[in-house]
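Going line by line, the protein sequences match chains A and B. Sequential numbering from 1 applies to the first sequence in our numbering. Sequential numbering from 1001 applies to the second sequence in our numbering. Note that CB positions come from ideal geometry on N, CA and C, so glycine has one too. Input: a single structure, listed below in structure tokens.
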Amino acid sequence: MKLVIAIIKPFKLDDVRAALEAVGVRGMTVAEVKGFGRQRGHTEIYRGAEYLVSFLPKTRVEIAVPDERVEAVVEAILSAARTGAIGDGKIFVTPLERAVRVRTGETDDDAL
Amino acid sequence: MNLRLTRAGLSAAAFFALAAPAFAADATINAADTAFMIGATALVLLMTIPGLALFYCGMVRRKNVLATMAQSVAATAVVSLLWFALAYSLAFGGDGALIGGFGRAFLAGVGVETVSPFAQTIPEMLYVAYQMTFAVITCALVGGAVADRLKFSAFLLFCALWLFVVYAPVAHWAWGGGFLARLGLIDFAGGTVVHLNAGVAGLVAAVIVGARQGYGRENLAPFDLSLAVIGVGLLWVGWFGFNGGSALQAGSRAAFAIVATHLSACAGSLTWSALEWAGRGKPSVLGLISGAVAGLGAITPASGFVLPWQGFVIGVLAGGLCYWACTALKRRLGYDDTLDVFGVHGVGGALGTLLAGVFATASVSAAAGQAGVSGLLEGRPSQLVAQAIGVGVTAAWCAVGTWATLKIVDAVVGLRVNADQEREGLDLALHGETLGL
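As structure tokens, then:
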């Protein structure tokens, strides 16, 4: 199994969710995060006091995926989240050692 | 237009003719004036709770929001009690040149039928309450200069002491028959007593307490400016009671004061915004509301003495000068007056007090049996001199009195939270509370 972690632009969340459903993903965890890569922040000014805000709001999506569907999932996220502008985000694929469904105790692929 | 010939003027003339000296019988208490002033009292109290509380808390950081609101609530409680107990008597209860007396301590002598010589058509009890709301907001304003770093205990003790060291004396000098009033100073609703006092005290406090950790380096952005906008809305509307109510009677002068006030707020708002738009490329919401407050503070001393168009001009000048004071001047001098109490209220109050001496128009302040006050434009430069003296004396006394008060507070409870508390946030460190998720 793999844990696919995608950092995307927040407004792309609905598109990504729809694309993932289309490839059979039935669950995900979403968090509001802050970060930056090559995208610059912005400057805010309050009565003459300037603050450079480097961290930009992003959305983090985590999906546990069986090995055979990893490529389809990554491809779905890529096509849904891409805008072509700087700041589109990143996808990380990490090994997932174990997964357990809390309600039934099913493990690994049965839990996904 | 001669206001003296209006019907209101004629009945006012009858009342003034009948009024005995000092504390007269109930024949002089007027239902219309009393009703109006009860409303005005409520409006001004609303300016502090929650007007100022919201205005201020929206501009501080999330971790200090509750603590900032606590200052407005606590100032209301502490100052109100002390006002009724003793401060009113010292400010308005005697005819000394420098201070009142103890004659009205704990409301002694204030009965159902008593009136104050300064407001002869409303119950004195109401006059006490109305003036109380001014004392409350003045003390609450000062806290904004040292937001995010002042101990709660220090703020409480500061309010309690400063009320007697600075506020009550200056109120007595300008409004309670003291030497500034005798010199001819005109201050309709508190350019000196409220705004200049709060501003200078704030500046002194900001310098003594020192800048916030990370000032000039870290991101100290406001928590939620929408709260600040709501707060300014309450302040703006409440100011109709602050300036309108300072007429102390339900009549034309109150209407003139309200209109001049409103036009000044509008002018101040747009002027600040225009300068910001031109200078920085975008007109901020914070600029819109700050300009409005600058206009409101500046018109305060002049509101019952000037024509509406003059209120507009005062607003424009205040919007411009306060914008400069809160940006360029503050940056150049390097102090951390966190919520710009000096830049807006101090500078605005001083400017408005001086401009009252320029624009004062006799027809606005004329009442039955008394000619109105003329300023520079009506050929009386001496008024401007009186205003300048008022500004100078108030600023000087306030600076010294605030410095002394802060030294005492520092010795008794300490002024500033320690570095860890400041970093953790005052809500948690001082009050054991957070805003939650």
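Would Glu44(A) count as contacting chain B if we go by Cβ distances under 9 Å? By one-based count along the first sequence, residue 44(A) stands at place 44. Answer yes: the Cβ-Cβ gap between Glu44(A) and chain B drops below 9 Å somewhere.
Might you give, ordered along the chain, the residues of its own chain that have their beta carbon closer than 7 Å to the beta carbon of Arg1212(B), omitting 5 neighbours on each side? Residue mapping note: residue 1212(B) aligns to position 212 of the second sequence, counting from 1. Excluding residues within five positions, the ones whose Cβ falls inside 7 Å are Asp1148, Arg1149, Leu1220, Asp1336 and Thr1338.
Kindly list, in the order they appear in chain A, the residues whose Cβ is closer than 7 Å to that of Cys1398(B). Residue 1398(B) sits at position 398 when you count from the first residue of the second sequence. The contact set of Cys1398(B) on chain A, defined by CB atoms closer than 7 Å, is empty, because the minimum CB distance reaches about 23 Å.
Report the rounded CA-to-CA distance for Pro1308(B) versus Ile1314(B), giving the unit in angstroms. Counting from one through the second sequence, the residue named residue 1308(B) turns up at place 308. Counting from one through the second sequence, the residue named residue 1314(B) turns up at place 314. Using only the alpha carbons, I get a separation of about 10 Å.
Look at His1345(B) and Leu1227(B) and say whether their C-beta atoms are less than 9 Å apart. What you label residue 1345(B) is simply residue 345 of the second sequence in a count that begins at 1. What you label residue 1227(B) is simply residue 227 of the second sequence in a count that begins at 1. Cβ distance not < 9 Å, so His1345(B) and Leu1227(B) don't count as in contact.
What does DSSP give as the partner residue(s) for Lys35(A) in the beta ladder? Stepping through the first sequence from its first residue, residue 35(A) is reached at position 35. Rather than Lys, the amino acid found at residue 35(A) in this sequence is Gly. For Gly35(A), which the question treats as bridged, DSSP gives the partners Leu56(A).
Given that a residue counts as buried once 16 or more other Cβ atoms are within 10 Å of its Cβ, and exposed if not, what is Ser79(A)? Mapped onto the first sequence, residue 79(A) falls at position 79. Per the 10 Å Cβ criterion, exposed.
Is DSSP giving Ser1116(B) helix, strand or coil here? Working through the second sequence from its first residue, we reach residue 1116(B) at position 116. The DSSP-derived three-state label of Ser1116(B) is strand.
Counting Cβ pairs closer than 8 Å, one from the stretch 1419-1426 of chain B and one from the stretch 1192-1208 of chain B, do we hit at least three? No: the two stretches stay apart, fewer than three of their Cβ pairs being nearer than 8 Å.
For Ala1213(B), which three-state DSSP category applies? Residue mapping note: residue 1213(B) aligns to position 213 of the second sequence, counting from 1. As written in the sequence, residue 1213(B) is Gln, which differs from the Ala given in the question. Reduced to three states, the DSSP call for Gln1213(B) is coil.
Answer with yes or no whether the minimum CB distance from Ala1278(B) to chain A is below 9 Å. Residue numbering aside, residue 1278(B) sits at position 278 when the second sequence is read from its first letter. Using a CB distance cut-off of 9 Å, Ala1278(B) does not count as an interface residue toward chain A.
In chain order, which alpha helix (DSSP H) runs of at least 4 residues are fully inside the stretch 1143-1176 of chain B? Fully enclosed alpha helix (DSSP H) runs of 4 or longer: 1152-1162 and 1168-1174.
If the cut-off is 8 Å on Cβ atoms, which residues from the stretch 7-32 of chain A count as contacting chain B, listed in chain order? Residues of the stretch 7-32 of chain A whose Cβ lies closer than 8 Å to any Cβ of chain B: none.
Just confirm the distance between the C-beta atoms of Gly87(A) and Leu52(A), as a whole number of angstroms; I'd bet it's less than 8 Å. As a first step, residue 87(A) must be located in the first sequence, where it is residue number 87. As a first step, residue 52(A) must be located in the first sequence, where it is residue number 52. At roughly 16 Å, the Cβ-Cβ gap does not stay under 8 Å, so Gly87(A) and Leu52(A) are not in contact.
Name the one or two DSSP bridge partners that Glu120(A) has. Not covered by the structure: residue 120(A). The range shown for chain A is 1 to 112.
Within 10 angstroms of the Cβ of Val100(A), are there 16 or more other Cβ atoms? Answer buried if so, exposed if not. Here the question's residue 100(A) lines up with position 100 in the first sequence. With fewer than 16 other Cβ atoms within 10 Å, it is exposed.
How long is the line joining the alpha carbons of Ala1145(B) and Ile7(A), rounded to whole angstroms? Counting from 1 along the second sequence, the entry for residue 1145(B) is found at position 145. Counting from 1 along the first sequence, the entry for residue 7(A) is found at position 7. When rounded, the distance between both Cα atoms is 41 Å.
Could you tell me which residues DSSP puts in a beta bridge with Pro95(A)? Translated into the one-based positions of the first sequence, residue 95(A) becomes position 95. DSSP lists Lys2(A) as the beta-bridge partner residues of Pro95(A).
Is there a Cβ from chain A that is less than 9 Å from the Cβ of Pro1169(B)? One-based indexing of the second sequence puts residue 1169(B) at position 169. Chain A contact via Cβ: absent.
Looking at C-alpha atoms only, which residue of Ala1411(B), Ala1168(B), Val1112(B) and Thr1405(B) is the closest neighbour of Gly1101(B)? Here residue 1101(B) is taken as the residue at index 101 of the second sequence, counted from 1. Cα-wise, what sits closest to Gly1101(B) is Ala1168(B).
Answer with buried or exposed for Glu97(A), where buried requires no fewer than 16 other C-beta atoms within 10 angstroms of its C-beta. Here the question's residue 97(A) lines up with position 97 in the first sequence. Here Glu97(A) is exposed: its Cβ has fewer than 16 other Cβ atoms, across all protein chains shown, within 10 Å.
Span of the beta strand (DSSP E) around Ile45(A): For the purposes of this step, residue 45(A) is taken as the residue at position 45 of the first sequence. For Ile45(A), the uninterrupted beta strand (DSSP E) run begins and ends at His42 to Tyr46, by DSSP.
By Cβ distance below 8 Å, which residues in the same chain neighbour Phe1155(B) in space, the five residues on each side in sequence not counted? Taking the first residue of the second sequence as position 1, residue 1155(B) is located at position 155. These residues qualify, in order along the chain: Gln1071, Ala1074, Ala1075 and Gly1143.
Just checking my contact of Leu1430(B) with Ala1085(B) at CB under 8 Å: how many whole Å lie between their CB atoms? Numbered from its first residue, the second sequence carries residue 1430(B) at position 430. Numbered from its first residue, the second sequence carries residue 1085(B) at position 85. Not quite, the Cβ-Cβ distance comes to about 26 Å (not below 8 Å), so this is no contact.
CA-CA distance, Ala1267(B) and Ala1035(B)? The residue given as residue 1267(B) occupies position 267 in the second sequence. The residue given as residue 1035(B) occupies position 35 in the second sequence. Between Ala1267(B) and Ala1035(B), the C-alpha separation is close to 30 Å.
Between the Cα of Lys34(A) and those of Val23(A), Leu20(A), Ile45(A) and Pro10(A), spot the shortest distance and give me the residue it belongs to. Position 34 of the first sequence, counting from 1, holds the residue named residue 34(A). Ranking Val23(A), Leu20(A), Ile45(A) and Pro10(A) by Cα distance to Lys34(A) puts Pro10(A) first.
Residues of its chain near Asp108(A), where Cβ-Cβ distance is below 8 Å and the 5 sequence neighbours each way are ignored: Here residue 108(A) refers to the residue found at position 108 of the first sequence. Beyond the five residues adjoining it in sequence on each side, Asp108(A) comes within less than 8 Å, by CB distance, of Met1, Arg98 and Ala99 in the same chain, given in chain order.
Can you list the alpha helix (DSSP H) stretches of 4 or more residues lying completely in the stretch 1037-1077 of chain B, in chain order? List check, alpha helix (DSSP H) in window: 1053-1059.
6 Å Cβ shell around Ala1386(B) - same chain, five flanking residues per side excluded: What you label residue 1386(B) is simply residue 386 of the second sequence in a count that begins at 1. Same-chain partners within the cutoff: Leu1183, Gly1184 and Leu1185.
Excluding the 5 residues preceding and the 5 following Val1207(B) in the sequence, name in chain order all residues of the same chain whose CB lies nearer than 8 Å to its CB. Counting from 1 along the second sequence, the entry for residue 1207(B) is found at position 207. Tyr1335, listed in sequence order.
Cutoff 9 Å: Asn1418(B) Cβ touching any chain A Cβ: Residue mapping note: residue 1418(B) aligns to position 418 of the second sequence, counting from 1. By this cut-off, Asn1418(B) is not an interface position.
Provide the residue(s) that pair with Arg82(A) in DSSP beta bridges, ordered along the chain. Within the first sequence, numbered from 1, the residue matching residue 82(A) stands at position 82. Answer by DSSP bridge pairing: none, since Arg82(A) is not bridged.
Buried or exposed for Glu75(A), going by 16 or more other Cβ atoms inside 10 Å? Taking the first residue of the first sequence as 1, we reach residue 75(A) at position 75. Label assigned to Glu75(A): exposed.
Three or more C-beta pairs below 8 Å linking the stretch 1103-1113 of chain B and the stretch 1222-1238 of chain B: Segments in contact, no.
Phe1092(B) burial status per 10 Å Cβ neighbour count (16 or more: buried): Here residue 1092(B) refers to the residue found at position 92 when the second sequence is read from its first residue. By the neighbour-count rule (16 or more Cβ atoms within 10 Å), Phe1092(B) is buried.
Relative to the alpha-carbon of Cys1398(B), which residue among Leu1163(B), Val1136(B) and Gly1357(B) has its alpha-carbon at the smallest distance? Counting from 1 along the second sequence, the entry for residue 1398(B) is found at position 398. The option with the nearest alpha carbon to Cys1398(B) is Leu1163(B).
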